[in-house]
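Here's the structure we're looking at; comments come further down.
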Amino acid sequence: MFQNSKDTIVAIATAAGRGGVGVVRLSGSDVLPFMNSLIGKPLLPRRATYSGFFDAEGEAIDEGVALYFPGPSSFTGESILELQGHGGMVVLDRLVQRCVELGARVARPGEFSERAFFNDKMDLAQAEAIADLIDASSIEAARSAVRSMQGEFSQLVNELVETMIQVRIFVEAAIDFPEEEIDFLQDKTLAVNLDLLCNDLTEVLAQAQQGAILRDGLTVVLAGKPNAGKSSLLNALAGNDAAIVTSVPGTTRDVLRERITLGGLPLNIIDTAGLRESDNEIEQEGVRRAWKEITSADQVLFVADATDTSNPKLKDLWPEYFQRNLGSTQSVTLLLNKIDLSGHRPGVIDEATLAISVKDKSGFDALASHLQAKAGYLGHGEGLFSARRRHLVALTNALAFVQNGIEQLKGAGAGELLAEDLRQAQNELSEITGQFTSDDLLGRIFSSFCIGK
Ligand SMILES: Nc1nc2c(ncn2[C@@H]2O[C@H](COP(=O)(O)OP(=O)(O)OP(=O)(O)O)[C@@H](O)[C@H]2O)c(=O)[nH]1
Ligand SMILES: [Mg+2]
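Once you know that position 444 of the sequence shown is 1233 in the working numbering, the rest is easy, because the numbers rise by one and skip nothing.
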């Protein structure tokens, strides 16, 4: 897959559309010929030079600032030429076309970061953090992505690997000197070090979980009978009139999505059609789509009209949900709305029931805390680093291998089995930073990046 890494690659690095400035970036082992043709003269390294960017006939395509970063002191580790011209798609496309005429190839998504990774400019978790920073949907998510990009997460993982190597050396030594194996393996130091390793892994996993929550957020589906106030709640949370609200039951048919942040926690809020039997084909389709969203939600908020019932119980208000047996895998909260009419007190009724009024915006603080608790978000962005699900899986697996190894040691005193578990645990951790990762996985990770990064 990387046999082409000698190619010079080119891409527009700025977002598509109009902008004051647009950047074309070129990376390869030798960018001097490109520089000579495009600028007409060699550039001084790392100095901004104002110049025309010329086509084959010597006519200016644009003019702007050109920068030259000779490898290996560059983002990719190769030589980079950066042309900062005007941010219009036609002019930027012409610049890219000119580079292609001169022998460059249009970069794949994430190919600049991929080269940086292969040239040891950053590890895999850092490269992923760049993509996460670009995609961050809250200040907290952006800050944690910066920390990962700067290597805080990788450093913790590397420390875990280092500790693991020390323990492995001890265990492997025990196996290599069988006459002393029993002594070695029963040495208290080994048990203590293995316990410490478990604790450290658990701690990093907990931190990574917070990072993953900040990155991915929570998908919250608003469901309920017609007219309960779902669309009103969506609008109140999003701070705009995204959904149509009327007093006519059955107003919403389409699924509506809004992305918001609540105390730093990103939420993907989904409004759905009111659930009821209907002869209307459009409404039936709306209800079918509502159920589809309900079954894939991280958290369902079942919105009910508080004036409908004096003794609210989710089981009575929403029997279909329990008939479909969704309760065992999913989390539902009963949200009693319109308490301005019913007279309930706003806030928590029990751990699965809250009272609010969208009209008065009462009970919203309790709702925010409730959703943060459901996400497992502890609410303090300080010191967090961003993490992905694949990192959580690797950390969880590593922890399981170490725990299993401890059991092997305690049970049969089996040094070889412990050694194998530790080897596998180390491989899991090395997948996070990319020291031990298949080409296939790398391809999938980098191809999800944006073009020009
Ligand atoms: N008094 C009062 N009225 C509310 C409150 N929330 C919503 N309403 C009203 O209830 C009616 C229905 O609101 P919607 O938000 O359209 O309800 P919905 O659940 O989206 O309804 P469907 O889309 O038909 O399923 C509207 O007239 C709202 O103004 C509330 O907290 N108090
Ligand atoms: Mg609605």
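We put the beta carbon where it would ideally sit given N, CA and C, even for glycine. All of these numbers come straight from a predicted model, not from anything done at the bench.
Nearest-angstrom Cα distance between residue i and residue j?
i     : j     : result
C987  : L1188 : 6 Å
R1212 : A1079 : 47 Å
K1150 : I1234 : 42 Å
G860  : L821  : 12 Å
Q1224 : V946  : 11 Å
L1103 : L1123 : 6 Å
A980  : V1089 : 44 Å
A995  : V1182 : 12 Å
A855  : R814  : 10 Å
Q873  : A934  : 26 Å
G1204 : S927  : 48 Å
I1221 : K910  : 16 Å
E1072 : V1137 : 33 Å
Y1176 : S1131 : According to the sequence shown, residue 1176 is Ala rather than Tyr. One C-alpha to the other measures close to 44 Å.
S1041 : A1086 : A quick correction: the sequence has Thr, not Ser, at residue 1041. Cα-Cα distance, rounded: 18 Å.
T978  : G1200 : 17 Å
A1164 : L1007 : 6 Å
S818  : T797  : 7 Å
E900  : A893  : 13 Å
P1015 : T1035 : 11 Å
N793  : T1226 : Interpretation of N793 is limited by its pLDDT of 49, a score under 50 that renders its predicted location unreliable; the figure taken from the coordinates is listed afterwards. Approximately 20 Å between the Cα atoms of the pair.
A963  : A1162 : 46 Å
According to DSSP, is residue i part of a helix, a strand, or is it coil?
i     : result
H1180 : helix
L1007 : strand
Q1197 : helix
Q1054 : Contrary to the premise, residue 1054 reads as Leu rather than Gln in this sequence. Note: L1054 maps to strand in three-state DSSP.
F1238 : coil
A1012 : strand
A1093 : strand
G811  : strand
L1124 : strand
I1059 : strand
T1222 : helix
T991  : helix
L1143 : strand
S1151 : strand
R1212 : helix
R1046 : strand
G899  : coil
R1077 : helix
S1131 : helix
I1033 : coil
Could you check whether the Cβ of residue i sits closer than 7 Å to any heavy atom belonging to ligand 1?
i     : result
K1199 : no
D1030 : no
P1015 : yes
T1035 : yes
L1130 : yes
V1092 : yes
I want to check one thing, is the minimum distance from the CB of residue i to the heavy atoms of ligand 2 below 7 Å?
i     : result
S1085 : no
T1040 : yes
K1148 : no
S1067 : no
K1019 : yes
Exercise for review: Would you mind listing the beta strand (DSSP E) stretches within the segment 823-883 that are 3+ residues and don't spill past its ends, in chain order?
Suggested key: You should have 838-843, 849-858, 868-876.
Exercise for review: Ignoring anything shorter than 4 residues or poking outside the segment 924-957, list the alpha helix (DSSP H) runs there in chain order.
Suggested key: Entirely contained in the segment 924-957, the alpha helix (DSSP H) runs reaching 4 residues are, in chain order, 928-938.
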